[in-house]
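Asker: Handing you a structure now.
Structure, rendered in structure tokens:
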């Protein structure tokens, strides 16, 4: 299995869905992260520093990491041209599973712009005739999931996982982003959210994602774990 | 694995979710069906005939079948007392997976009343102090899924399955309800719906259900099948 | 100001909205709690013990406490007759603000039954001609709010409050329900939820409620506190 | 065409959908109203007076009027037994079009209880085997529409009509309910709502209803009137 | 009556709403189709071939056909400039009824981009002062409807029609797009969907659309056909 | 308190939320309006005339007024660059409260484009590192509210206010836009809507807005006014 996670800024994947990637890497999956800016507009941290923080985090995660430039932080725009650029990345990397921020508005505009671009890119990646991408073989992903970055408590997740085995690793991954975690309780926020979801499903820490398509299984009993604790 | 499917009338389980039960029976799961009336109010078929039809269908499905009486067809009412009666059945049968009609109104009133009763019963089955049920050990189910009966195209399913391997068996199971299928295109309706969903996920026939709780997996790659065909 | 909080079981008000009541009691408001069962069906605790726990919690909260009997835990039913009984309580107590569990299904059936009964009772309390209540003067409440009990992360709250000043008191109030907090992480769950919401609005602990009617103010600047932290 | 409108209290049909019935009566349709209480709980007006008001209104509307007793105002309950009673009325009256209050909660509990009862009754009216109704031939209605009583601005209507030609008649019909219109601005409320909707579709006064089923036409151009004014 | 249907690619109108146009042409309405790309990115078929397929289909439909260029398939973008270009087409063609793909995301990005562009264009077409369009007289359409292309079962349609009389013609129209129908079951998909909806309303094949504005009629009985079959 | 209201065209703020600004100005708040076009595309009125009308209205409102140029009426586009321009205005003006049109589509495309741009601008205004804005100190607003322009009856407002004390002033403010109010009933529309909402909360005229974030108060009793009249 190959996973490809997209994040608008250098720390979004780490805060939003790193535990899922840590679980996959531990299970032998290939994990790659593509970041769409260098966090140039952040109140703290300069781009070089933020790139280095991301590289340290990626090393901890045993994940490959690339940066793309879409005119910088706060300038992500969900245009066909930008979605086609991401579709090219999908064709190059040929993932089974793609992860992107939730495309619902009302947070950092880059967050949902990234979600929309990735969602559309997953479609475009499979149209063989698209001239802009003719040097890359079409690719059909199997799954697109959306993750939350700092939005919590707005909607129930569709798929949940026990991330307790990687909770300490996650904390270390988030802490790599030293420039972002000094003043604000971002790490506390993510752990509080994971603890809350964990309590509702009966584990210490849990993380959820949102599906773009129905979950498909061979038969109902293939879903053997339960999320019914309260 | 043990599955317990509830249906308000003698043919609702067969039309709504029999393919899922056929797949489970073939995989060695225990399957039981509990029907909450004998279809006394139907425009065609008398109760004895309808019970016989259901028994023939259950035999084809290798499923156990029970009938309960809640004052008959068109009289199902989602009261605490009725939910407690169903909770008793859940305690007696101790299923891992429970199936019920979707609890959203606007169809035969018995359909969503059954959905509400079963949903509430799944909760009540696990409260140890409930005096009405003190002779039966509490039981916590793992999964509750809802199925559609004759409502189609109202909402996207959460979990989908390829039912092509059992499509012919399903047709035979539905045909057991001879009193119901003479005048109206019920069998055609279900097959058209399954064919449509099948086309959208890339198989011949598919069936979907709705979750009551998030799907829980160990990690994302545990969901290896894709529903992305269009 | 007088507040009247309804709870289906002896600990629901304490776990769901006690911090709001503690803030009010500290500000000089009158607070009363009416509990609609003695928690007879719980897996732990007997009714006498649970009533005593609730009385200790009420004492800590400087709140009045009454119990009503609606055929016991797991038997709450949102009938007109039951709503009229609650309307009588509203007429007797004449609150400005009423609190009830959220009336959305899919949790303990008593929880949303209580929410529905209270919502309807608030209407019925003001119809002067209702013969069942003719010995009690009609009363029009000013506000109805809904609280969550153990459902978290399903929907965004409408009104949020900083409860940090009473967080320790809340913990003590919840701990009064010793029979309920031994095996399950209920206290942890509520604190994790309050911590998560607190982080999102920039305080240590926060709690939110849901409105039944629009919020009304004299002018926009009357809402001087901000919930925009992330 | 025959229309059958159900209302929970003596003035609800008149305030909620009388203009639609006036238009139909003028066009030669048969119009009947069935009221499910005598408004016994209202703050003003006694049952005898309210029945007389309703009879005067019905006379103005050239509509037949019946009263049914469901234990009185504030006691309407959406049980199978009550829905079956209404199904009997539907079988007796054999309408093409049925009108009922919107079944969404959060208003007078009788209002949505009536909506739910009528919606379910429309289903039950067509099940030939229902023993409770065996002396009455099954009847399949063609259309079920929901109307608002005093809820405004909560949702957009599905079908709108210019009621300007009957606006004065409507005012007179509402004024028949003298006991209800003295203290509160009910007539003003309905006219303000109709004026607002009228302005949005380009007529003086308009009224909207909600559908239970899709609108069906022979072809798109059969819908020749436009609601696009703003 | 004049109908103007917009489609992002050469086969979308034919697959999505051709039956409605066939019914209109048969009834004497003028029908025009405007296609916003030549399907340049499709996995099968080259632009010249696809244009020819569309022209053959238009001939079968007795419909006029135009192509516009918005930088090609996969590049449709809902900008003001593009909406203004479509508004110009609306002013030139002066339709009563406009049809466009549903503007809800999550399918081919061109599909919902086209829906958004057309929806906005219908507004812009009527602002007399818009300098970009000053050589064209403003035009106010009467109706905007949205159609589904390959999304099925996501939401209930607002207006449904019996398309059985033109089902065979529709099949022939779809078959004109030979390059698109060889490998994938597109024709089967549309017919399965139409058969399913047909069964639910009691005809052989049916098609539904979504409204942008409420349906307006003179009076309720003007809607004489029923969609209540199940 | 400082309020900053954004409007796409010269009359939108006046028609949509002027009463709220009038109440604030009367209470001593600073009020500023920024208009994003000069209404160049309107069917009536030329830009110079419309600017003068807006200036007269602003004078009546004791509000400051600025115009920005985003390529003119009908050309507003929610791009990052445009949102950054508005963020610059927010940094320059440093408001506590920001008002913008509701960002939900399906009205004049400029209306929701303006809503989206302002919503995103409120986020961008607080990111210190954003190079485009480095000469302006970051600013964190306290509240973002959305207002309706000519959409009514689509959704219930979150916050309502009695605007009766300024209803006559509002009428005068709207009447300043003489070029817009001659042919269409815009003033009537707004007053009918305000009258309708007023009746539902028990005052003569009321206006509502929509929140972007939860309302935050110190405690529940801080909300002392009630909106429960019907």
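Residue numbers (the working numbering), protein chains in the order written: chain H, 1 to 230; chain W, 231 to 460; chain E, 461 to 690; chain Y, 691 to 920; chain R, 921 to 1150; chain L, 1151 to 1380.
Virtual Cβ for every residue (Gly too), placed ideally from N, Cα, C.
Being a predicted model, the structure only gives us computed values, none of them experimental.
1. Per DSSP, which one or two residues make a beta bridge with residue 1357 of chain L?
2. Please list the segments of the alpha helix (DSSP H) lying wholly inside the region 967 to 1047 of chain R, counting only runs of 4 or more residues, in order along the chain.
3. In the DSSP assignment, what are the bridge partners of residue 34 of chain H?
4. Are the CB atoms of residue 743 of chain Y and residue 867 of chain Y nearer to each other than 8 angstroms?
5. Would residue 528 of chain E pass as a contact of residue 764 of chain Y if the rule is Cβ separation under 8 angstroms?
6. Verify whether the separation of the beta carbon atoms of residue 921 of chain R and residue 907 of chain Y is less than 8 angstroms.
7. What is the DSSP secondary structure of residue 401 of chain W, reduced to helix, strand or coil?
8. When you compare only the Cα positions, how much space is there between residue 293 of chain W and residue 263 of chain W?
9. Touch check for the region 884 to 900 of chain Y and the region 923 to 932 of chain R: three-plus C-beta pairs under 8 angstroms?
10. In chain order, what residues of the region 184 to 206 of chain H put their CB closer than 8 angstroms to some CB of chain E?
11. In angstroms with no decimal places, state the Cα-to-Cα distance between residue 249 of chain W and residue 375 of chain W.
12. Using the beta-carbon of each residue, which ones in chain E are nearer than 7 angstroms to residue 230 of chain H?
13. Comparing the C-beta of residue 1288 of chain L with each C-beta of chain E, is any distance below 8 angstroms?
14. Where do the ends of the alpha helix (DSSP H) carrying residue 935 of chain R lie?
15. Classify residue 1135 of chain R as helix, strand or coil using the three-state DSSP reduction.
16. Taking three-plus beta-carbon pairs below 8 angstroms as touching, is the region 75 to 86 of chain H in contact with the region 120 to 137 of chain H?
17. So is residue 1055 of chain R in contact with chain L if we call contact Cβ pairs under 8 angstroms?
18. Pull up the DSSP beta-bridge partners for residue 1145 of chain R, would you.
19. What are the boundary residues of the beta strand (DSSP E) that includes residue 1050 of chain R?
20. Which residues in the same chain have their Cβ closer than 8 angstroms to the Cβ of residue 158 of chain H, if we skip the five residues on either side of it in sequence?
21. Between R/971, R/950 and R/949, which lies nearest to residue 959 of chain R when the distance is taken from Cα to Cα?
22. Relative to the C-alpha of residue 405 of chain W, which residue among W/452, W/288, W/338 and W/334 is closest?
23. Taking Cβ to Cβ, would you say residue 239 of chain H is nearer than 8 angstroms to residue 70 of chain H?
24. To be precise: take each residue of the region 490 to 506 of chain E, compare its Cβ to all Cβ atoms of chain W, and keep it if any distance is under 7 angstroms. Which residues remain?
25. Using DSSP bridges, identify the partner residues of residue 373 of chain W.
26. Rank E/536, E/631 and E/623 by C-alpha distance to the C-alpha of residue 574 of chain E and give the top, closest one.
27. Identify, in the order they occur along the chain, each residue of the same chain with its Cβ nearer than 7 angstroms to the Cβ of residue 1286 of chain L, setting aside the five sequence neighbours on each side.
28. In angstroms, rounded to a whole number, what distance separates the CA positions of residue 398 of chain W and residue 425 of chain W?
29. Could you tell me if residue 948 of chain R is buried or exposed, where buried requires 16 or more neighbouring beta carbons within 10 angstroms of its beta carbon?
30. Quick one: grab the DSSP three-state call for residue 1108 of chain R.
31. Taking Cβ-Cβ distances below 8 angstroms as the criterion, which residues of the region 696 to 723 of chain Y are in contact with chain R?
32. Give the secondary structure of residue 1056 of chain R by DSSP, where H, G and I count as helix, E and B as strand, and everything else as coil.
33. Since residue 108 of chain H meets chain L, which of its residues come closer than 7 angstroms, beta carbon to beta carbon?
34. Rounded to whole angstroms, how far is the Cβ of residue 116 of chain H from the Cβ of residue 78 of chain H, which I believe are closer than 8 angstroms?
35. With a threshold of 16 other CB atoms inside 10 Å of the CB of residue 278 of chain W, please say whether the residue is buried or exposed.
36. Assuming residue 368 of chain W and residue 503 of chain E make a contact with CB atoms under 8 angstroms, what is their CB distance in whole Å?
Answerer: Let me spell this out:
1. According to DSSP, which records beta bridges pairwise, residue 1357 of chain L is partnered with L/1311.
2. You should have 967 to 981, 1000 to 1013 and 1029 to 1044.
3. According to DSSP, which records beta bridges pairwise, residue 34 of chain H is partnered with H/6 and H/66.
4. Yes, these two residues count as a Cβ contact at 8 angstroms.
5. The beta carbons of residue 528 of chain E and residue 764 of chain Y sit no closer together than 8 angstroms.
6. Not a contact, by the Cβ cut-off of 8 angstroms.
7. Helix, per DSSP.
8. Distance between residue 293 of chain W and residue 263 of chain W, taken at the CA atoms: about 7 angstroms.
9. Contact annotation: the region 884 to 900 of chain Y does not touch the region 923 to 932 of chain R, with fewer than three C-beta pairs closer than 8 angstroms.
10. Flagged, chain order: 185, 188, 189, 192, 193, 195, 196, 197, 199 and 200.
11. Distance between residue 249 of chain W and residue 375 of chain W, taken at the CA atoms: about 14 angstroms.
12. 610, listed in chain order.
13. Against chain E, the CB of residue 1288 of chain L has no partner CB under 8 angstroms away; the residue lies outside that interface.
14. That run of the alpha helix (DSSP H) goes 932 to 946.
15. Looking at residue 1135 of chain R - three-state DSSP - the assignment turns out to be strand.
16. Yes, the region 75 to 86 of chain H touches the region 120 to 137 of chain H.
17. Put simply, the CB of residue 1055 of chain R is far from chain L, with every gap to its CB atoms at 8 angstroms or more.
18. Note: residue 1145 of chain R sits in a beta bridge opposite Y/906.
19. Segment: none, residue 1050 of chain R is in no beta strand (DSSP E) and carries neither H nor E.
20. Excluding residues within five positions, the ones whose Cβ falls inside 8 angstroms are 208, 209, 210, 211 and 215.
21. The option with the nearest alpha carbon to residue 959 of chain R is R/971.
22. Taking residue 405 of chain W as reference, the option from W/452, W/288, W/338 and W/334 with the minimal CA-CA separation is W/288.
23. Residue 239 of chain H lies beyond the stretch modelled for chain H, which goes from 1 to 230, so this question has no answer here.
24. Against chain W - using a Cβ distance shorter than 7 angstroms - the residues of the region 490 to 506 of chain E are 500, 501, 502 and 503.
25. Looking at the DSSP assignment, residue 373 of chain W forms a beta bridge with W/327.
26. Of the candidates E/536, E/631 and E/623, the residue whose Cα lies closest to the Cα of residue 574 of chain E is E/536.
27. Hits under 7 angstroms: 1238, 1241 and 1242.
28. A straight-line Cα-Cα distance of about 13 angstroms links residue 398 of chain W and residue 425 of chain W.
29. Counting the other Cβ atoms within 10 Å of the Cβ of residue 948 of chain R gives fewer than 16, which makes it exposed.
30. Of the three classes helix, strand and coil, the one that applies to residue 1108 of chain R here is helix, per DSSP.
31. Residues 710, 713, 714, 717 and 719.
32. In the structure shown, residue 1056 of chain R adopts coil according to DSSP, grouped into three states.
33. Scanning chain L for C-beta atoms nearer than 7 angstroms to the C-beta of residue 108 of chain H yields 1273, reported in chain order.
34. Their Cβ separation, rounded to whole angstroms, is 4 angstroms, which keeps residue 116 of chain H and residue 78 of chain H in contact under 8 angstroms.
35. Residue 278 of chain W should be labelled exposed.
36. About 7 angstroms separates the Cβ atoms of residue 368 of chain W and residue 503 of chain E, confirming a contact at the 8 angstroms cut-off.
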